[in-house]
Structure formats: C-alpha cells, structure tokens
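> Before I ask anything, let me first share the structure, which is written out below as structure tokens.
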Amino acid sequence: MPRPRLPARVVRRWSLGVLIGGVACTAVTDTPSPALQASAEVTVTLPAVHLGPDAIQAASADIQLIPANRAQAVLGRQTRAADQFTQAVTVPVNIAPCSGATTSCSAVVVVRFLNAAGVMIDSTEAGPFTIIGGGRTAAPSVQPRVTARLASRDTVLRASFRSAVRASIEAFDATGAVLPGRIFQWRSADAAIATVDSTGAVTARAVGRTVVTATREGNTMSLPVESPAVELFSVSAPSAPVMAQGSAKLLITLLTAPGQSQRLRIESSDSSVATADAAGVITPLREGVVQFTVRPEADSTRRASATLIVDPFRAAVSWRAMASGPLGNVPSTVQGVWGADDQAVWAATCGAISFYDGNSWRADFYRTVQGFCANGMTGTSRTDVYAVGNQIWRYDGAGWVRQPVTFSGNLLAAVMVDGEVVAVGDNGLIVRGRGSSWRTMPSGTNRTLRRIASDGRTAYIAGDNGTLLRLENDQWVRVSFPNAPDWYDVLVKSATEVYVAGADHSLALHYLVQRYDGRTWTTIPVDRPAACCNMRLLFNTGGSIRALGDGDWIFRLEDGRLVQEFRGQFGGIFTSWANGNTVMLGGHNSSTIVRRNGTWTRLSSNTSFNAMWATSPSFIVGGGDGGIDLFNGTSWSLMRGDVYRSISTIWGSGPTDIWAVGSPNTFLRFRGAAWEQWPSVSTATATGIWGVARDTAWAVFNNGDIMRFNGTAWQTIFRTRTPLNAIHGSGARHLIAVGTEGRVWVYGGRLWQQEDSGIDEQIQKVWVFDSLTAFATAGNKLLERRNGVWRSWTFPSNINFQWVMGTGPRDVYAGGCGSPIVRYDGTAWSPVESQNVTNCAFGAHVFPTGGLIAGNWNRTIIIGTSPFGVSPGLPR
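If you want this note's numbering, it's the position in the sequence shown, counting the first as 1, plus 32.
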C-alpha cells in the first residue's frame with residue numbers, strides 16, 4: 033500500500049519503542065513549523081509503582097513538567113488517580129516560561145506519588161527531553177532518580193551490645209524533597225561483627241568494624257559500623273572544692289563490650305595535691321588544683337579528664353554542745369536529798385527535783401513557772417515525799433501538789449516528827465503540819481536555821497552563831513554551849529545519842545563534833561587536830577557514824593574517835609541522806625555521790641572539764657574538778673580509781689598509758705585498770721605534761737622544774753626558777769615549755785634555751801607543730817612562733833584563752849572564756865561560729881583527721897564536727 037501523503041507544512045519522525053526501567057515507552061515527535069504557537073502537548077506514561085516488590089501505597093500521582101534548568105516555573109501539570117497508573121496521560125504545556133522559547137524547550141517530567149491524605153511518599157522523574165511548540169511530544173520513560181544520605185552527621189555508626197541502634201537514612205528526589213517511608217533493603221557485610229534488620233536496626237555482636245548497606249531501586253548507601261570495646265565512657269569530679277584530708281570520688285561511667293576489662297588507669301597531674309585509686313576514690317592531700325586523666329584498659333585510645341580543686345584542711349566546721357552525763361544529769365546545785373530506799377531517792381535543786389532509781393538520775397518535777405526553789409526533802413515512803421523551799425510541795429506517787437501553806441522566807445531543811453513535817457529556814461522560821469493543817473512555830477531566835485534532825489520523836493535544830501534548839505513538849509528550847517560554836521549539821525539516833533558538827537573558832541577547834549548522851553555534851557577527838565577546816569555533815573551508814581569536813585575528808589567514828597577514812601575530792605557537799613549501807617551526798621555543781629557497800633561512786637557532776645585528751649573519737653578522756661570521764665564511742669562513764677581531783681592537763685601514749693596532773697599535788701597515771709597517784713614525784717604541783725612514748729615523757733611544775741620520765745621514774749633535768757605552766761613538743765628533740773612573765777624555754781636536742789616571746793604576761797598553754805612553728809595562749813593574747821620568732825594578737829580584755837591546738841599551721845584553734853572558739857587559717861584568727869555554743873571552753877583535743885572536742889562548764893562537751901560529717905565514734 034502506498035504511504036499516505038502528509039501535509040506540506042508537517043514532517044513526522046518515528047522512533048522505535050524501547051524498554052527503559054521496565055516501562056514500555058514510544059516517543060513520537062511532531063515537528064511544527066516555526067510559526068506555530070508556544071502551546072504544546074506532552075504524553076506521559078505513569079509507571080506501575082503500586083506493583084512489584086518495591087510497591088508503594090500511592091493513591092494518586094502529581095505530574096509536573098518543568099524546565100531542565102530547574103527554573104521556578106511549571107510548564108504543565110496534571111493529577112491522576114492510581115487506577116490510571118501504566119496509562120499514557122496527555123498534559124497540556126506552555127513553553128513560553130522556558131526562557132521565552134516559542135519553538136522548543138528542554139524540559140524534565142517529575143512525578144510525585146501521594147498517599148490518600150495527599151502527602152508525598154515517593155517521587156520519580158525523566159529527562160531532559162525537547163518539547164516542540166505547537167505539537168505533541170512523548171516524554172521519556174519515567175525512571176527513579178532517588179538519592180540516599182545519612183540522617184545524622186556521624187560518618188561511622190557506633191553499634192551497641194545492649195540495645196539496637198537504628199541507622200537512619202533519608203531518601204530525597206531530584207528537587208531535594210525528602211521521601212518519607214522509603215523502604216531499603218539492608219545487609220551487613222559481616223554479621224559476626226554486627227547485624228542489621230529490615231528496619232535498619234543495628235546490633236553489635238563482637239568488637240570490630242564492618243559495613244551495612246541500604247539498597248533500593250538501584251541506589252545503594254554504604255554505612256561504616258563500629259562495635260566498640262568501650263561503648264560508653266565519661267569522667268567528672270566534684271564541682272565544689274573538697275577539703276584536704278577529706279574524701280571524694282570521681283564519677284566514672286564505663287560500659288564495655290561483653291568480656292572486656294573493666295579496669296581503669298587513673299593519673300594525677302600533681303600527686304602531692306591529690307591522688308585517686310583505680311576505683312576513682314580521691315585522697316585530697318593539700319591545697320591546690322589537680323587534673324585526673326582516666327583511660328579504660330579495654331581501649332587505651334579512649335581518655336577523659338576531670339579537674340578538682342582542693343581547699344586547705346579544717347578540723348571542724350559545725351558546733352554543738354552536749355552534757356557528758358554518765359549517770360544522768362541533775363540541773364543545778366543539790367540543796368537537799370531524801371530517799372525512801374536506795375532505789376527511790378529525790379534531790380532538791382532550785383527550779384527542779386530529780387529522781388534516782390538506783391541506776392541513774394532523771395527529771396521528776398520542774399516548776400520554774402511558779403517560782404519554786406527547793407532546798408530540802410523529807411518523807412515517809414515512796415508515795416509520801418515533801419520538798420520545802422519558798423513553798424512546800426508533796427508527791428503522792430502520782431504527781432506533785434502544792435501544799436496549802438504560806439510563810440515569809442525560805443525553808444532550808446525538813447524532817448518528819450510524830451508523823452508531821454517540820455521545816456526550818458531563814459530568820460528562825462519553823463513550819464509544821466501535814467495535809468490541810470499547817471502552822472508556824474516560835475523558835476525564839478532570828479538566826480538562820482540550817483539543819484533539823486529527828487528519830488521520829490526527838491528533834492534538834494542547828495543554826496548560825498551557835499544556835500542549837502531541842503523540841504520539848506511542842507516547844508523549842510535553846511541548848512547552850514560556852515563559846516557559841518558554828519553548827520552546820522545535827523544527827524539524832526535517839527534521845528540519848530545526838531551529834532552536832534561544826535567548828536569552835538575561838539578555841540581553834542576545827543572538825544568539831546559534839547555528842548550528847550542524854551545528860552552531858554562531850555567533844556569527840558579527831559585524828560587530825562591541826563586540820564584547818566570545818567565539819568560540815570553527819571550521816572549514819574553501815575552501822576557507823578560518819579562526818580564530812582572541808583576538803584572532802586570523811587571520818588568514821590571508831591572507839592570514841594573520828595578516824596580519817598577517805599578523801600573524796602567531791603567539791604562542795606551540802607547535804608546527805610543515809611539508809612542502811614547506802615548514803616547519798618549532794619552539793620555544788622550538781623554533784624551527787626553514792627556510797628554502797630563501802631564504795632563511793634559519783635553519779636552526777638556538772639563541774640567543768642579543764643582538760644581533754646583522746647586517741648580517737650571513740651576513746652576520749654575528760655578531766656576537771658569532779659572526776660575523770662571516759663567516752664568509749666557510745667557513752668560517757670566515770671573512770672575508776674583516785675579520780676576526785678582537780679585536773680589541769682592530760683596526756684597519754686595510748687589507751688592503757690595516760691597521765692593526768694593538777695592540784696593539789698595531783699599526779700595520776702592510768703595503766704588500763706584504774707587511776708593511781710604516782711608516788712613522790714615532787715613537792716611542787718605539776719602544771720603540764722606531754723610525751724612521745726610510754727617511757728618518754730616530760731612534766732613542768734609551778735616551781736620552775738622540768739622533769740623527764742624514763743619508763744621507771746621521774747627525774748629533774750632542768751630548773752628555770754620561774755613557774756612553768758605547760759609543755760609540748762613535736763618530738764623528743766624539740767620541746768617548748770612556757771610560764772610566767774612571758775617566759776619561753778626551747779629544747780633543741782641538747783640544751784634548754786630561753787627565747788623572747790615579746791610579751792610579759794603569763795603564758796598558760798603551748799602547742800607545737802614542728803621545730804619552726806608553735807602557738808601559745810597568754811590571757812587575752814594568742815602567740816605564734818615562726819622560724820624562731822614570736823608574734824602576738826591581742827583580743828578584748830574580757831577574754832581568757834586557756835588552750836590552743838590544731839592540725840597544722842593553717843588550721844589552729846584556741847578557746848577559753850569570754851569568746852567563742854577562734855580559728856587561725858594562716859593569716860588571721862576568726863570565730864568558728866556566731867552563736868554562744870563555744871563561748872566558754874576550758875580544754876580541748878583536735879583530731880588530726882577531723883573533729884574537735886572541748887570541755888565546758890557543767891561537764892558540757894563542745895563538739896566541733898568534722899567537715900566530712902561526724903567522725904566514727906564522735907559523740908552525737
């Protein structure tokens with residue numbers, strides 16, 4: 033058949049159909065004449081993207097024709113539903129935006145596939161190709177032009193052995209639009225090192241490196257993967273400065289692959305400032321800045337660093353007070369004591385009444401609101417007890433009730449007479465009664481009546497200026513003595529056995545005790561006729577009459593004489609109560625002392641701690657005027673032995689070798705069992721003691737002597753001839769002794785030489801750090817010795833420093849009365865706290881590892897807590 037003739041103005045060119053990318057396409061181009069318009073048509077055949085292994089859930093397709101130069105112009109656009117995929121679509125175009133073209137345009141066809149919500153989920157394109165104006169052009173086969181890239185900036189994916197790490201890859205088309213939901217085919221080059229699942233989740237299997245690939249539509253993305261020996265590693269140090277001698281720790285995070293070493297290597301940039309062990313525990317040594325570098329053994333190429341600031345050491349940072357109270361506390365001076373038996377004893381103090389149950393004291397009654405000040409006690413049983421003072425109160429077993437009686441003055445003592453209370457006091461005051469019936473009785477005197485005693489029927493009263501009254505027929509009759517002795521106590525066993533105690537100063541009869549046998553009064557001889565003081569108390573215990581005199585001498589009546597039995601050094605006893613083999617004494621500074629079966633025991637005492645010494649926070653010794661106490665890490669207790677002395681200084685080489693010195697002539701040693709007076713050291717009083725070992729110690733005396741202990745005996749080694757107060761050293765070859773008139777004596781290993789302290793005042797205490805540095809106290813002055821030269825600081829005149837001690841030249845503490853404890857930081861002294869907790873501290877011990885304990889009034893302990901918390905064993 034002959035070919036048809038075409039119009040003269042059109043030339044048609046045919047091309048063969050080819051298979052491109054799996055899509056059949058035939059391109060036919062009509063070539064218009066140059067005079068044709070810029071409008072044209074392009075036929076596009078949509079690919080079957082909804083079919084096959086790479087199918088996507090496309091609901092429609094957006095067809096755009098754009099200039100090949102990607103100019104911001106759309107030449108033509110159409111949208112088709114998914115059911116038209118694989119069909120040819122004719123898209124009208126206008127090639128005029130294509131750089132003003134009127135005959136042809138180089139263009140690209142872009143097909144974007146949308147889901148049902150109109151969101152693009154994939155994109156393909158074809159071209160460039162030429163569109164002829166005025167004609168119809170078939171677009172080339174639409175082929176995928178998708179590029180993949182890593183979503184993260186990491187060039188290597190670090191896999192984890194503990195959880196999958198997703199390899200995030202983004203797909204985008206030629207226009208740069210991201211194609212969400214693109215599914216890639218994943219593969220690991222070495223599954224023994226790391227595996228990858230269909231979603232791109234990578235899991236480490238062994239230490240090493242491999243590559244995972246993601247493939248789709250002919251595009252492959254390779255991603256290096258590392259399965260590290262050290263998966264996670266970081267180091268940090270405390271951000272706040274830590275204190276030298278304290279504790280701190282590096283915060284180290286280390287996660288390694290299974291089977292890899294967990295060990296670390298830690299290096300310090302300056303081991304003199306701080307070190308750290310393999311666990312990261314830091315030992316701060318001195319002030320400074322240090323950097324720690326940490327390397328894990330599993331991967332030595334990994335490292336991390338942290339910087340630490342170390343502040344100077346400070347032994348104590350917070351302060352509080354506590355009472356030692358080994359057997360309970362009695363609030364103040366004990367004025368009167370009475371008991372129903374040895375397990376039910378009451379003590380009268382001003383503002384409070386304390387109860388003793390046979391083991392310890394406890395508060396029983398407190399009436400400061402009503403202004404009650406108890407001076408004396410009496411009663412008949414545990415449920416019938418009376419306290420007298422400026423009022424009268426009764427305890428009935430359930431509580432205390434004020435009695436319906438008023439009077440002018442204070443009652444000082446009371447007893448039971450014929451079933452009624454008889455109380456005596458100021459200006460000859462006598463009150464008698466019980467229950468609702470009370471009355472005053474005429475005494476015939478305006479003298480102060482201080483004591484009253486009775487056997488239940490016969491009663492005697494002792495008072496000032498020789499006043500002694502006896503009850504006869506409900507009347508008080510004066511008993512006269514030639515010289516009107518001063519009577520302090522009276523004891524009645526029966527009508528024919530009465531004792532009074534005091535002193536007759538006109539005849540120099542001290543320790544005077546008179547006995548009445550029903551007819552006459554006779555003086556009882558005392559085995560210390562030259563004694564200087566007065567007989568203060570009488571009590572009947574263990575079948576014997578005993579008397580207590582000034583100086584705490586206790587006498588026992590034996591064969592018609594008063595024989596010295598014991599020197600208690602109790603410190604101001606005012607009252608007593610006795611029953612059978614038990615006697616209770618009470619007096620100044622809340623002291624209560626009990627005698628049971630021949631043994632004296634201090635139950636409570638609030639005298640001051642003048643000296644403190646310790647081996648550790650769980651072995652602390654405190655000594656004062658009322659005994660020596662020991663803290664064992666849990667509680668305080670009175671140490672055994674001859675402890676009722678005035679202690680000024682304590683030093684020991686260990687828990688079983690301790691010395692304590694004081695006045696008068698007190699020189700005690702504790703060797704693990706009990707304190708004993710060391711015999712014949714000196715006729716002078718020891719004022720200070722210090723040593724370096726069990727067989728090497730030194731003591732100074734108020735006559736200026738310096739003595740040395742060689743393990744067996746004390747020997748005088750030097751005499752200054754001026755009173756000395758204290759001695760301390762840094763070793764056996766460096767000692768400093770201080771004394772009156774600012775005297776300082778220094779021992780350098782061969783000779784004692786005097787140094788100029790720069791002051792004339794009495795130096796009381798000294799603490800030596802080393803051969804170049806020492807500190808001392810002198811009233812309201814503190815002194816520092818540096819390189820053999822002394823300088824001083826003067827504080828207000830009301831301050832009296834009584835101790836000084838520290839851990840080093842930049843951490844020194846001093847205390848006394850009139851000021852809180854002060855601390856020296858190497859530059860200046862400043863109070864350790866702003867309140868009054870440490871306002872009066874008489875003796876102290878500073879622990880080298882942190883913490884301070886000081887003695888105060890009323891056996892109160894001042895505790896300076898370590899900056900690292902309460903040290904183990906330190907009283908809480």
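By construction, the Cβ of each residue, glycine as well, lies at the ideal position given by its N, Cα and C atoms.
#1: Output the distance between the C-alpha atoms of D737 and F801, rounded to the nearest integer angstrom.
#2: Within this structure, are the beta carbons of G720 and L756 separated by less than 9 Å?
#3: Per DSSP, which residues does Q546 bridge with? Please list them.
#4: For E689, collect the residues of the same chain with a Cβ closer than 7 Å to its Cβ; drop the 5 residues on either side in sequence, then sort them by chain order.
#5: So what does DSSP say about G53, is it helix, strand or coil?
#6: Would DSSP call Q596 helix, strand or coil?
#7: So which of A485, R466 and G460 has the shortest CA-CA distance to W425?
#8: From A806, G811, F741 and F750, pick the residue whose C-alpha is nearest to that of E773; which is it?
#9: Scan the stretch 229-313 and note each continuous beta strand (DSSP E) run of 3 residues or more that stays entirely inside, going in chain order.
#10: Can you name, in chain order, every residue of its own chain whose Cβ lies under 6 Å from the Cβ of V141, other than the five neighbours on each side?
#11: So, helix, strand or coil for G654, using DSSP?
#12: Give me the DSSP bridge partner(s) of R426.
#13: Would you list the residues sitting across from D788 in a DSSP beta bridge?
#14: Please state whether the Cβ-Cβ distance between W730 and L767 is less than 9 Å.
#15: Alpha carbon to alpha carbon, how far is A289 from V262?
#16: Who does D94 pair with in a DSSP beta bridge?
#17: Near S789, what residues of its chain come up, given a Cβ to Cβ distance below 7 Å and the 5 sequence neighbours on each side ignored?
#18: Is there contact between the stretch 473-485 and the stretch 494-504, where contact requires at least three CB pairs shorter than 8 Å?
#19: Less than 6 Å between C-beta atoms, sequence neighbours within five positions excluded: which residues of the same chain meet that for S486?
#20: Look at the alpha carbon of A758 and the alpha carbon of A808, and state the distance between them as a whole number of angstroms.
#21: So for D582, helix, strand or coil by DSSP?
#22: Given that a residue counts as buried once 16 or more other Cβ atoms are within 10 Å of its Cβ, and exposed if not, what is G15?
#23: In terms of residues, what are the limits of the beta strand (DSSP E) holding L884?
#24: Work out the CA separation of H537 and D518 for me, nearest whole Å.
#25: Let me know the secondary structure DSSP gives N442 once reduced to three states.
#26: When the Cα of N566 is compared with those of V545, V778 and S512, which residue comes out closest?
#27: Which partner residues of I682 appear in the DSSP bridge assignment?
#28: Does DSSP classify Q69 as helix, strand or coil?
#29: For P256, tell me which candidate among A221, A491, E452 and T477 has the shortest Cα-Cα distance.
#30: Is N459 helix, strand or coil by DSSP?
#31: Any idea if R327 is buried or exposed, counting beta-carbon neighbours within 10 angstroms, 16 or more meaning buried?
#32: So what does DSSP say about Q116, is it helix, strand or coil?
#33: Among the candidates F117, P124, T156 and A90, whose CA atom is the shortest distance from the CA of A149?
#34: Under a Cβ-count criterion, where at least 16 other Cβ atoms within 10 Å of its own Cβ denotes burial, should Q860 be classed as buried or exposed?
#35: Are the CB atoms of M739 and V778 within a distance shorter than 9 Å?
#36: G896 to G278, Cα distance in whole Å?
Walking through what the data contain:
#1: Using only the alpha carbons, I get a separation of about 23 Å.
#2: In this structure, L756 lies closer than 9 Å to G720 by Cβ.
#3: BP columns for Q546 point to V532 and T555.
#4: Residue identity differs from the one stated: residue 689 is Asp in this sequence, not Glu. Taken in chain order, the residues that qualify are R703 and R726.
#5: Bear in mind that the predicted position of G53 carries a pLDDT of just 35, short of 50, making it unreliable; the figure below should be weighed with that in mind. Three-state result, G53: coil.
#6: When DSSP states are grouped into helix, strand and coil, Q596 belongs to the strand group.
#7: Taking W425 as reference, the option from A485, R466 and G460 with the minimal CA-CA separation is R466.
#8: Comparing Cα-Cα distances from E773 to each of A806, G811, F741 and F750, the minimum goes to G811.
#9: Look at the stretch 229-313 and you find these whole runs of beta strand (DSSP E), each 3 residues long or longer: 233-236, 240-248, 251-259, 262-268, 283-288, 296-300 and 306-308.
#10: So the list reads V76, L97, A158, G159 and A171, once near-sequence residues are dropped.
#11: Looking at G654 - three-state DSSP - the assignment turns out to be strand.
#12: According to DSSP, R426 bridges with Y418 and V433.
#13: According to the DSSP secondary-structure assignment, D788 is paired through a beta bridge with R775.
#14: It is a contact, given that the beta carbons lie within the stated cut-off.
#15: If I take the Cα positions, the gap works out to 6 Å.
#16: Beta-bridge pairing links D94 to T111 and R144.
#17: Excluding positions up to five away in sequence, the list reads G774, V776, I795, L815 and W822.
#18: Two segments are said to touch when three or more pairs of C-beta atoms, one from each, lie closer than 8 Å; by this definition the stretch 473-485 touches the stretch 494-504.
#19: Taking S486 as the centre and dropping the five residues before and after it, the same chain places the C-beta of V447, V449 and V524 closer than 6 Å to its C-beta, in chain order.
#20: If you take the alpha carbons of A758 and A808, they lie about 10 Å apart.
#21: Three-state DSSP puts D582 in a helix.
#22: Outside the shown range of the chain (33 to 908) lies residue 15, about which nothing can therefore be said.
#23: Under the DSSP assignment, L884 falls in the beta strand (DSSP E) whose first and last residues are L884 to G887.
#24: Using only the alpha carbons, I get a separation of about 8 Å.
#25: Three-state DSSP puts N442 in coil, outside helix and strand.
#26: Taking each of V545, V778 and S512 in turn and checking the Cα distance to N566, the smallest one comes out for V545.
#27: According to DSSP, which records beta bridges pairwise, I682 is partnered with A692.
#28: Residue state for Q69 is assigned as coil, using DSSP reduced to three classes.
#29: Nearest C-alpha to P256: A221.
#30: N459 falls in the helix class under three-state DSSP.
#31: Label assigned to R327: buried.
#32: Q116 carries a helical assignment under DSSP once its states are collapsed to helix, strand and coil.
#33: Comparing Cα-Cα distances from A149 to each of F117, P124, T156 and A90, the minimum goes to A90.
#34: Just to set this straight, residue 860 is Ala in the shown sequence, not Gln. Exposed is the call here.
#35: At a Cβ-Cβ threshold of 9 Å, V778 and M739 do not count as neighbours.
#36: G896 and G278 have their C-alpha atoms roughly 15 Å apart.
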